[in-house]
Every structure is written in structure tokens, then in C-alpha cells.
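In our numbering, the protein residues as written are 7 to 273. Where a beta carbon is used, it is the ideal one built from N, C-alpha and C, also for glycine.
Spelled out as C-alpha cells, the structure:
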């Protein structure tokens, strides 16, 4: 796959799924710009691949987002692809136990930050007949008990994906979302640990619950997500827009924790 004529922005692009996506685009020949809130992650990423440019940025901060686009304009003068990958897990808590500040913080990053980046990207993507790929979640397709702020943001992402596909389609811009299941890596391990603490059970019990949510009994790899992003932005995906594509081993449902005890999966 040759994407040597493309300039790509990957938000939260310095680690995890974002770094896998950044590496995949770079390997395909694209000019890659990443933004990330972690200076350590940015330093590590750009040390590994110095030709990847970067902006240290919190996408929930408008000034930071504006700086990202100043840097892209200065370095490249164009944008062909934006990958909205930023997302925080938010609290694991029952509705009545969610602190309003935790709700606001999760939505500020996962929804407002997504909007800020997409808003600034739109004119550039219109000019290049480019692509937007939004990294959502299976939590955008099902109810997910105890994860209300995260679910709210991800369901909104799907609605906006379909809306912006309609708005931008006449300009040749394709907008899609990918809905990964549990992705191997530090983030899912943190989520599992938080759930285990909330449930007063073991990490292994909770991991087994997560595995049993999909038919293939697997966690997906960050590289799987990256390859799907590349496909959607390539000529092979030129007629795909407005879609929410599951990449999850076929999720059957996100378990209602109140209906069973995780202990039954032990042994």
C-alpha cells in the first residue's frame, strides 16, 4: 500500500493504538504528524522514528489544538487524513456514584476534543478530498454498565461520524469509525484492574469476563486496528463512508455486571 502522497494527523499518536496507527502510515510512505498529551510518549515515539513530527497537545484545550494545525501548516501545508484516536476510559462507577467533575473531564477529552480536532480538520480535508477515521469502541454499539461517561462520548462519536459523512461527502471526504473490542495493552489492563477492584474480585476473573464478551474469545491487537485504518484511507476503501466498523471478535454484548458473579468463570 503506497500512501506517499498523504499527510496524516494521528491524535494520541505516540503510544498504544495511536502509535501502531502512526507506524503503519509511516511504513506506507505517508508524512505523519502526531499530537499527544504525554511528553514522555512523544519523546519516545519521535526518538524511534525521527521523521514523524509532533506537537505536545491536550485536545480538550483549544489553544493546544490550534497549535497542532499551525504546526501542520508550517511543516506540510496540507492534511489528507485525520485519525481521531484520543480517548480516556473515565470512571468505573454506578450512575449515582459518578462525580460530576469526572463526567465533565471524560466528555471534555473524549467528545469536546474530538469535535475541536474534527472542526479544524474539515476545511483541510475538503481541500484534499481526504479521510477522517474515528476510533470509537464496542461501547458505542452496546450499553456498558458502570461506564456512563465513556459510553456517552463513544455513542456521540458514531452519530457525528454519520452526520459528518453526510456533510463532507459532497466534497469527496470519507468519514468512518472503527469500533475495536478490548485491545491488548496497558490500557485494557488498567480497565480490568479497576473493574476487579469495583467488583471485589480477581483480575483474572474480570479478564475472563471480557474475553467471553466476544464469540472468538480474543482481545484484538493494536496492529489490527492500524491496518483497518490504512484500508479505509486507501484506494481500496474509496467507496466506504459513514460506517461504524466493528473489529472485535464479534461482540455478543457488554455484560450486565448485576446479572451474574464473575466467580462462575473461575477454574
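- By alpha-carbon distance to residue 13, the top candidate from 81, 20 and 25 is 81.
- Collapsing the DSSP output to three states places residue 7 in coil.
- The three-state secondary structure of residue 196, taken from DSSP, is helix.
- Excluding its 5 nearest sequence neighbours in each direction, residue 157 has C-beta neighbours in its own chain below 6 Å: 145 and 150, listed in chain order.
- In this chain, the beta strand (DSSP E) harbouring residue 186 covers 180–186.
- Residue environment analysis places residue 165 among the exposed positions, since fewer than 16 neighbouring C-beta atoms fall within 10 angstroms of its C-beta.
- Where residue 111 is concerned, the enclosing alpha helix (DSSP H) starts and stops at 106–113.
- Under the DSSP assignment, residue 23 falls outside any beta strand (DSSP E), being part of the alpha helix (DSSP H) whose first and last residues are 22–33.
- Inclusion of residue 172 and residue 243 in the CB contact set at 8 Å is not warranted, their separation being larger than that value.
- Residue 86 and residue 207 have their C-alpha atoms roughly 46 Å apart.
- Secondary structure of residue 61 (DSSP, three-state): strand.
- Here the C-alpha atom of residue 25 lies approximately 8 Å from the C-alpha atom of residue 18.
- Annotation: the continuous alpha helix (DSSP H) that includes residue 230 extends over 228–239.
- In the structure shown, the three-state DSSP call for residue 66 is coil.
- Under the three-pair Cβ rule at 8 Å, the segment 45–56 does not count as touching the segment 103–123.
- Of 160, 102 and 138, the smallest CA-CA separation from residue 114 is found for 160.
- Annotation: residue 11 to residue 32 spans about 11 Å, alpha carbon to alpha carbon.
- Non-local C-beta neighbours of residue 139 in its own chain, meaning closer than 6 Å and more than five positions away in sequence, comprise 89, 182, 235 and 238, ordered along the chain.
- Going by DSSP, residue 46 is part of the alpha helix (DSSP H) stretching over 45–54.
- As DSSP reads the structure, residue 13 sits in a beta bridge with 37.
- Separation of residue 23 and residue 209 (C-alpha to C-alpha, rounded to the nearest whole angstrom) is 22 Å.
- Taking C-beta atoms as the reference points, residue 220 and residue 258 count as a pair closer than 8 Å.
- In this structure residue 154 touches residue 104 by the C-beta definition: roughly 6 Å separates them, less than 8 Å.
- Rounded to whole angstroms, the Cβ separation of residue 30 and residue 162 is 26 Å, and the two are not in contact under 8 Å.
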